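Chemist: Just dropping this structure here.
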Amino acid sequence: MSDYVMQGVALTIAHSVNPPAVNLCGVEEKYCKREAQQEFMTEPIRSPDGEWIWSGSAWLAAPPSLDQGGLDGIEITDQTRTRDAVIPSAKDSAVPHVLLKDSAMTGNITIHQSNADDIVSGVMDALDSFGLSNRFAPGRLTRNQCGQVRQVLDLSESLSQQHIEIDPYIDLRLGDAAELAGWNDAAQGHYDRAMKHFKSSGDKKGEARSYHGLGRLEERRGDYKRAERYERESLSLARVADDPETQADALTGLGHLLSQQGKFAEADSMYKESLSLYRQVGDRVGQANALNHLGHIPLVRGDVDKADRLFEESWNLHRRTGDRYGEAKALANRAHVASKRGLAAEAERMHTECLAIHISLNDPSGQARSEHNLGLVALSLNDYDKAEEWFRKSLALLQDIEDKDSTAATMGSLGVIAVRKGYVVEGERLIRHAHQLFVECGHKAGEATSLINLAAVASLRDDVGEQRRLNSEAISIRRALGLPIHPWFIQQGY
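Residue numbers (the numbering used here): 9 to 502.
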């Protein structure tokens, strides 16, 4: 899940309440600029939370930060890309030999054991090399590590096909690895298999951790209601098992989900309880993450000073623990605070520092996120050309690592910029492509956002029927997910 500030950038497509007809110049023309360009370049009218833009007749969803929940993972279609996990038949044993090739992180891992425990031990060694334990996982994986995760997943599947049973706690770690690398279907398979074993054995602690993994996965997919159900089940089971670490993790997950739904008082309570538990068990990384989450609440309430104090405390704690991923996350939030204060140069400096950290960590997803954030800073200064340049850099990297949902978010942002600059046809094309990607990767919240933006484009054409149809579909999705509805939509009868 995301540990960053949820924020949008306000752009507007300004026109009168009864807008003039828009000449789209034919769909065959890539760019179609309105004659009244200055009408598009007026100052934006934004909602207090910065999430919505008034177009003159409709609310437009602002381009999101990639730091929003569910948009910060590596999204790769769940398919086998290589077959580097080889299971040759053993001549003198019913247990296969296992060869895991070409691991840049750990060197070639070769296991020629006739004991199933030794084979599984090789899988555990590989997971250890990624920094995955029964509770802890790295903030994200490098490009090389993502490829290695695919190999380990293939290896574990081959073991399963050979009827070699894997400990359910290893299945949990495999699920975490798959989730980090973006193979959501594979992650679900491992979490479900672990859950089945834990339920059979009556291991409540294991069940709690399985539900927590499933909750993170559903949040990533954009199904916040299901994610919340899983996290609440995780919390309940962790309390029965007297497992404070999993309680804290579930509380953090619940806090983030409640914050996404606009239930900030409940989220604040969850974060504070999780912080207390992390302190109780001496988990400094957990404390730093909880402080980072806690900073979101005063920020959305407009108390930027309190938010900055919490983000700075999180940032300092991440630095003391040597967690550079966490350091970059907290620093990005401090940059968002600087933007809220109108300190664009300071925000740009901080995001540039984040970019340098992600590059040093060989973290393409984080690099793309920082480039996107630098685009948001440029947008705040109405520098559309510079913003577009940063977004296109981010988009190229996201497409390279096949991060579908973040690709969709960035493409949608480029679409809004195009419409803002007067290129309505190109803007609509980009927003439609973003919508298609959100549908393909099952990100329902992103799907709703793109539908709202398409409705705003329809309003430019005076196509009231299409505008209402698209908004109705979007609001139906948001209600199903438990996301807040802007008052304007309620006033309009949606």
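For glycine and all other residues, C-beta sits at the position ideal for the given N, C-alpha and C.
Note that the coordinates shown come from a computational prediction; the quantities given were computed from them, not determined experimentally.
1. Taking Cβ positions, are D316 and R342 nearer each other than 8 Å?
2. Using a Cβ distance threshold of 8 Å, determine whether the stretch 402 to 410 contacts the stretch 376 to 389, with at least three qualifying pairs required.
3. Pop quiz: L299 and L283 are said to be a contact at Cβ under 8 Å. What is the actual Cβ separation, rounded to whole angstroms?
4. Secondary structure at G473, three-state DSSP: helix, strand or coil?
5. Is A249 helix, strand or coil when you go by DSSP?
6. Helix, strand or coil: how does DSSP classify P492 here?
7. Judging by CA-CA distance, which residue of L222, E236, Q196 and S166 is the nearest neighbour of A488?
8. For the candidate residues V289, A416 and H220, whose alpha-carbon lies nearest to that of D184?
9. Could you compute how far the alpha carbon of K412 sits from the alpha carbon of Q444?
10. Which residues in the same chain have their Cβ closer than 6 Å to the Cβ of D100, if we skip the five residues on either side of it in sequence?
11. Return the chain-ordered list of same chain residues with a C-beta closer than 6 Å to the C-beta of D179, the five sequence neighbours on each side being excluded.
12. What does a CB cutoff of less than 7 Å around L243 pick up in its chain, not counting 5 residues either side in sequence?
13. Among S402, G334, K429 and L351, which residue has its Cα nearest to the Cα of A417?
14. Can you name, in chain order, every residue of its own chain whose Cβ lies under 6 Å from the Cβ of G435, other than the five neighbours on each side?
15. So I367 is in the alpha helix (DSSP H); what residue range does that whole segment cover?
16. What is the DSSP secondary structure of Y232, counted as helix, strand or coil?
17. Can you give me the C-alpha to C-alpha distance between I460 and R477, rounded to a whole angstrom?
18. Rounded to a whole number of angstroms, what is the C-alpha to C-alpha distance between D291 and A336?
19. What are the boundary residues of the alpha helix (DSSP H) that includes Y502?
20. Hey, how far is the Cα of K212 from the Cα of L265?
21. Measuring alpha carbon to alpha carbon, tell me which residue in R309, Q295 and G374 is nearest S267.
22. Taking the alpha helix (DSSP H) that I460 belongs to, which residues open and close that run?
23. Please go through the same chain and pick out, in chain order, the residues whose beta-carbon is closer than 8 Å to the beta-carbon of R247, but skip the five residues on each side of it.
24. CA-CA distance, A189 and Q499?
25. Hey, out of L167, Y177 and A194, whose CA is closest to V157's CA?
26. Excluding sequence positions up to five away, which residues of its chain have a Cβ less than 8 Å from the Cβ of V289?
27. Taking only three categories from DSSP, how would you classify H171?
28. In whole angstroms, what separates the C-alpha of L225 from that of S208?
29. From K271 to E239, what does the alpha carbon distance come to, in whole angstroms?
30. Per DSSP, what kind of secondary structure is G310 in: helix, strand or coil?
31. Would L161 pass as a contact of A186 if the rule is Cβ separation under 8 Å?
32. In this structure, does DSSP put L259 in helix, strand or coil?
33. Identify the continuous alpha helix (DSSP H) that holds L389 and give its terminal residues.
34. According to DSSP, is A412 helix, strand or coil?
Modeler: According to the structure shown:
1. yes
2. yes
3. 7 Å
4. It is helical.
5. coil
6. Three-state result, P492: coil.
7. E236
8. H220
9. So the two alpha carbons sit approximately 10 Å from each other.
10. Confidence at D100 is low in this model, with a pLDDT of 39, below 50, so the placement of that residue should be treated as unreliable; the coordinate-derived value is given next. Closer than 6 Å at Cβ, skipping near neighbours: no residue.
11. H198, R201 and A202
12. The answer, listed in chain order, is Q255, A258, L259 and L262.
13. S402
14. For G435, the CB contacts under 6 Å within the same chain, skipping 5 residues up- and downstream, are G423, A426 and V427 in chain order.
15. A352 to S368
16. helix
17. Their Cα atoms are separated by approximately 10 Å.
18. 19 Å
19. That residue, Y502, is in no alpha helix (DSSP H); it is neither H nor E in DSSP.
20. 23 Å
21. R309
22. K452 to L468
23. Q255
24. 42 Å
25. A194
26. P252, E253 and A256
27. Reduced to three states, the DSSP call for H171 is coil.
28. 23 Å
29. 16 Å
30. coil
31. yes
32. helix
33. First-last for L389: undefined, no H or E at that position.
34. The sequence given here places Lys at residue 412; Ala does not occur at that position. In the structure shown, K412 sits in a helix (DSSP, three-state: H, G or I).
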